[in-house]
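Asks: The sequence shown lines up with residues 34 to 148 when you count with this note's numbering. Just so it is clear, CB atoms sit at the ideal spot from N, CA and C, and this is done for glycine as well. After the structure tokens below, expect a handful of questions from me.
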Amino acid sequence: MEGARVCTLFDNEYAAAQEAQLADFVDGSDLVSWDGMFLEEELQMRRGWGHSSIEEGVDFFTRTGARQMALMHHAPSRTDQQLDSLQDGLKQDKIFFAHQNQTIELQGSRRQDTR
């Protein structure tokens with residue numbers, strides 16, 4: 034991972050002003066990890082819990098110059114099948130759902146998934 038830039042952004046609820054500053058901060062990162070605990074509809078009832086939504090992460094990613102985003106810290110009740118279905122719905126090859134025991138190798142801004 035020499036020379037790779039990884040930014041981790043989870044366990045937080047970001048205000049719009051914070052997100053603008055964070056977008057500048059992660060610009061050019063090889064990988065941004067984002068707290069994808071909830072779907073937006075689930076988050077509405079859980080404001081103040083200190084988590085973000087998958088949709089917020091996707092929206093944030095589109096406003097950055099980051100190369101990839103790993104959505105992680107999923108709701109414990111979410112199954113692998115549900116995550117796969119959500120991945121299919123993203124239609125984004127640069128955003129992926131991280132899985133337990135997954136290894137991500139960053140080489141020259143390319144991800145090699147070795148799970």
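#1: Please classify LEU72: does DSSP put it in a helix, a strand, or coil?
#2: Indicate whether the contact test is met: 3 or more Cβ pairs, each with one atom in the stretch 79-88 and one in the stretch 50-59, closer than 8 Å.
#3: Pick out whichever of GLU75, ASP44, GLN125 has its Cα sitting closest to the Cα of GLN101.
#4: Given THR147, which residues of its chain have a CB within under 7 Å of its CB, disregarding the five upstream and five downstream residues?
#5: Give me the Cα-Cα distance between THR41 and GLN51, rounded to the nearest whole angstrom.
#6: By how many angstroms is the C-alpha of ALA37 removed from the C-alpha of PHE43?
#7: Per DSSP, what kind of secondary structure is PHE130 in: helix, strand or coil?
#8: Looking at C-alpha atoms only, which residue of GLN77, GLU75, SER62, GLY83 is the closest neighbour of TYR47?
Replies: Working from what's here:
#1: As a working note, residue 72 is residue 39 in the sequence shown. Reduced to three states, the DSSP call for LEU72 is coil.
#2: no
#3: For this step, residue 101 is matched to residue 68 along the sequence shown. When each option's Cα is compared against that of GLN101, the closest is GLN125.
#4: What you label residue 147 is simply residue 114 of the sequence shown in a count that begins at 1. Annotation note: pLDDT 46 at THR147 (below 50); position unreliable, coordinate value reported separately. The residues are THR136, GLU138.
#5: By 1-based counting over the sequence shown, the position of residue 41 is 8. By 1-based counting over the sequence shown, the position of residue 51 is 18. If I take the Cα positions, the gap works out to 14 Å.
#6: Start at 1 with the first residue of the sequence shown, and residue 43 comes out as number 10. Start at 1 with the first residue of the sequence shown, and residue 37 comes out as number 4. When rounded, the distance between both Cα atoms is 19 Å.
#7: The residue labelled residue 130 in the question sits at position 97 within the sequence shown. Strand.
#8: Taking the first residue of the sequence shown as 1, we reach residue 47 at position 14. Checked all of GLN77, GLU75, SER62, GLY83; the closest Cα to TYR47 is GLY83.
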